[in-house]
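Below is one structure, written out as structure tokens, with a few remarks after it.
In mature numbering (1 follows the signal peptide of the UniProt record, and there is no 0), the protein residues as written are -20 to -1, 1 to 259.
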């Protein structure tokens, strides 16, 4: 009985950040040497599901603005539903990851509804994209808090002592989304999987990029290039924009100085490929 009372008391204390009702389990509020590896693994898992959603969003946005078949839309909706089920099953004890997972679940639900309106019901699409942007902002906030806590334990380089808060920059190119009129160069969150980067940095002793790190950088660069073109980015500024995005990404997730040059080349090349691939 006493344990139950303590658990409920903790839920009350965390009520400002934990919105799940009926919480009866203790949530960890600190990252330590003992739990940091597990939390990094959790972060990586959540980020991978966000990346899956991000890819589907690009495809849905194409349907909304350029048209497509109902069959394609249904396939995307089914894919989102499948991953939503997996996201719902995630269970974390660290409070920031717990909350990030809950908001990612909301984001999946928003995009699923948006996908259902991508063809023939643009009002439904637009309405749910607006909802997504609100929930996505909270998702990013908790992910940033997690990165900050991780960096306190693992440490960061001198030129990256703080976690940079990215702007909420998911662009849908639609007038009904409040901030899309402010910039044609908006981009989605570019916080590469911190857990993967940090683990690879600890393992990698040479100047060559670890396969996992190189793959993560390529994927981020490719998707960023697609988003840049989708948002009206000019080919004339392609190299400049790619370098800028890499610098922002690397600022959040510092790479060893001996690896930075190759990592930058990998990102820029992938960025150009993504730009060229977007139709």
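Idealized CB from N, CA, C, for every residue including glycine.
All figures in this text were calculated on a predicted structure; none of them were measured in a lab.
Query, Result
"Helix, strand or coil at residue 26 [DSSP, three-state]", "helix"
"Spatial distance of residue 78 from residue 49 (CA atoms)", "37 Å"
"From 125, 11, 188, residue whose alpha carbon lies closest to that of residue 235", "188"
"Nearest candidate by alpha-carbon position, reference residue 43, set 107, 36, 98", "98"
"Buried/exposed call for residue 58, threshold 16 Cβ in 10 Å", "exposed"
"Of the listed residues 71, 86, 219, 102, nearest to residue 19 (C-alpha basis)", "71"
"Backbone CA spacing between residue 220 and residue 246 [nearest angstrom]", "15 Å"
"Three-state secondary structure assigned by DSSP to residue 11", "coil"
"Exposure of residue 214, with buried meaning 16 or more beta-carbon neighbours within 10 Å", "exposed"
"Residue environment, residue 22, which counts as buried when at least 16 other CB atoms sit within 10 Å", "buried"
"Residues that residue 74 bridges to, as DSSP identifies them", "8"
"Close Cβ partners of residue 240 (< 6 Å) along its chain, the five nearest in sequence each way excluded", "none"
"Simplified DSSP state of residue 240, which is helix, strand or coil", "helix"
"Residue closest to residue 86, alpha-carbon to alpha-carbon, out of 117, 96, 130, 207", "117"
"Alpha-carbon spacing of residue 223 relative to residue 11, whole angstroms", "33 Å"
"Residue 88 - DSSP class collapsed to helix/strand/coil", "helix"
"Reference residue 227, options 16, 253, 243, 217, closest by Cα", "243"
"Helix, strand or coil at residue 49 according to DSSP, with G and I counted as helix", "coil"
"Nearest to residue 6 (by Cα), restricted to the options 62, 121, 53, 75", "75"
"Per-residue DSSP class, three states only, for residue 207", "helix"
"Beta carbon of residue 304 nearer than 7 Å to that of residue 92", "It is not possible to answer for residue 304, since the shown part of the chain is limited to -20 through 259."
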